[in-house]
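Take the sequence shown: its position 73, counting from 1, is numbered 279 in the working numbering, and each next residue is one higher.
We put the CB at the ideal spot given by N, CA and C, even for glycine.
Fair warning: this is a prediction, and the values are worked out from it, not measured in the lab.
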Amino acid sequence: MTSEALDALNPDYEANASASTINSEQDSPPTDNLLAALDLTPKFEVEQEVELTPEEELLSNGTKNRLLLVRRLRKRLRNDKDAIVVLTGERGIGKTVCAHCLARGVSEKFDMRSHTLFDPEVERLKDIIYKFPKYSATVVDELIRIGYRRNWASVGNKLLIELYNLCRYQNQASFLCIPNFNDIDKDLQDNVTLWVHVVDRGTAVVFKSDQNPFVADKWHLRENEKLIQGEYRGLSMNKWGLNDKLNVFEHKIPNFYTWFGFPDFTPEEKVLYKSLKVPYEMKSGDDRKVEANKAARVRIERAEKALSGALLELYAAGVSVSKLEEVTGLPRQKIGRVLSVGQGKSLQTLKREFERK
């Protein structure tokens with residue numbers, strides 16, 4: 207057995223100098239320096255370097271990698287950018303735990319109670335992003351409810367993509383949890399900064415998109431699928447050991463970024479998380495539909511009031527109902543109802559009242 211194979215079986219797996227050949231120029235000289243070996247700045251994006259203290263250098267590789275990752279995210283926010291981090295993995299493997307761990311590292315003010323969306327809606331996410339100060343962090347626990355690609359034409363999906371296109375100058379980090387990266391709408395994928403995949407409890411790998419403008423698949427999804435299938439000839443990844451997964455991801459996947467370890471929730475955090483999460487899990491699909499219908503009715507009522515004001519102003523200024531019908535395309539009866547919405551007054555009465563104002 208070769209020394210490389212023995213290293214791969216070592217339970218204290220290290221991201222050694224070979225990682226630098228993936229995340230740096232091909233003509234870069236090999237190095238044994240830890241920071242260079244764990245360099246998280248691929249050739250297509252140059253960022254300021256971050257350092258570890260002497261005490262932190264004594265920590266495990268997984269912990270050191272996480273510290274480096276978090277500090278680069280913090281620097282990114284302070285360089286007038288945002289950070290959208292998608293976390294994937296099978297159900298119950300620890301996506302949410304990982305997201306909260308990273309969020310706490312990015313923002314000292316992160317609070318599970320106020321900075322986590324358990325039943326996300328675009329409007330609530332927008333309120334949080336624009337309400338919280340710069341360099342804040344938010345965790346979206348169930349992104350699939352608003353960012354599912356099969357609902358690409360939904361209002362929520364379109365608003366989510368528009369939100370992240372417009373709010374990058376808020377300089378905040380969003381950690382979005384979803385089972386499968388392929389479940390995300392393509393337009394949203396193009397906005398993602400990092401993809402974190404939890405491969406086992408307490409261990410995750412990180413990928414970054416290719417910034418080559420000529421690449422159609424910036425995440426190399428199809429290419430990487432073929433690479434994995436070719437490496438193990440179709441053997442299910444369920445039968446891989448953790449070190450097998452880390453080795454293949456690091457040495458075979460072109461957009462591999464780094465790997466890191468993360469701790470579980472404390473007992474107190476587990477109790478708090480369950481107390482916040484359970485009420486949303488108890489809601490049935492019908493309950494959510496009812497709430498969505500209520501929200502839709504509120505939006506419709508607001509729109510009708512706004513339309514009522516605009517039509518009333520035109521009517522009071524002398525524009526006839528026939529002309530309003532022609533301009534708006536609304537039937538005469540609809541215009542009459544909108545002008546009279548909630549007031550039960552005739553058009554002439556409304557016109558006189560408007561003229562007296």
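task = Under the assumption that E531 contacts I541 (Cβ atoms under 8 Å), give the Cβ distance between them as a whole number of angstroms.
result = Going by Cβ atoms, the distance from E531 to I541 rounds to 6 Å, so yes, they are a contact pair.
request  = Reducing DSSP to helix, strand and coil, say where V422 ends up.
outcome  = In the sequence under discussion, the amino acid at residue 422 is Ala, which differs from the Val named in the question. If DSSP states are grouped into helix, strand and coil, A422 belongs with coil.
task = Kindly provide the ranges of any beta strand (DSSP E) runs that are 3 or more residues long and lie completely inside the region 386-442, ordered along the chain.
result = With a minimum length of 3 residues, the continuous beta strand (DSSP E) runs that stay inside the region 386-442 are 400-406, 409-413.
query = Hey, would you say L274 sits closer than 8 Å to V256, going by beta carbons?
reply = When the beta-carbon positions are compared, L274 and V256 come within less than 8 Å of each other.
task = For P537, collect the residues of the same chain with a Cβ closer than 8 Å to its Cβ; drop the 5 residues on either side in sequence, then sort them by chain order.
result = Once the five neighbours on either side are set aside, the close Cβ partners of P537 are E531.
key: Status (buried if at least 16 other CB within 10 Å, exposed otherwise) for K445   = In summary, K445 is exposed, with fewer than 16 beta-carbon neighbours lying within 10 Å of its beta-carbon over all protein chains present.
key: Those residues which DSSP pairs with L323 across a bridge   = Per DSSP, V346.
query = What is the DSSP secondary structure of C373, reduced to helix, strand or coil?
reply = Coil at C373, not helix or strand.
query = Going by Cα to Cα distance, which pick from V276, E437, F471, F468 is closest to N453?
reply = Of the residues V276, E437, F471, F468, the one whose Cα lies closest to the Cα of N453 is E437.
query = Less than 8 Å separating the beta-carbons of G447 and G408?
reply = Not a contact, by the Cβ cut-off of 8 Å.
inquiry  = For L293, list the residues DSSP reports as bridge partners.
reply    = DSSP lists C383, V402 as partners of L293.
ask   = With 16 other CB atoms within 10 Å as the buried threshold, where does V252 fall?
value = Residue placement at V252 is poorly supported in this model, since its pLDDT is 38, which falls under 50; the coordinates are not used for a value here.
key: CB of R349 within 8 Å of CB of I384, strictly   = Here residue 349 is Leu; the residue named in the question, Arg, does not match the sequence. Yes; because the gap between Cβ atoms is below 8 Å, this pair is in contact.
query = Just checking, does the region 318-325 make contact with the region 396-408 on the three C-beta pairs under 8 Å criterion?
reply = When Cβ pairs closer than 8 Å are counted between the two stretches, the region 318-325 is seen not to touch the region 396-408, the count staying below three.
message = Give me, in chain order, the residues of the same chain whose beta-carbon lies closer than 7 Å to that of N285; leave out the 5 immediate sequence neighbours on both sides.
response = Contacts found: none.
key: Closest by C-alpha distance to V276, when choosing among R374, T464, V477   = Nearest C-alpha to V276: T464.
request  = Please classify T269: does DSSP put it in a helix, a strand, or coil?
outcome  = If DSSP states are grouped into helix, strand and coil, T269 belongs with the helices.
key: N- and C-terminal bounds of the beta strand (DSSP E) containing F338   = Unbroken run through F338: none, as it is neither H nor E.
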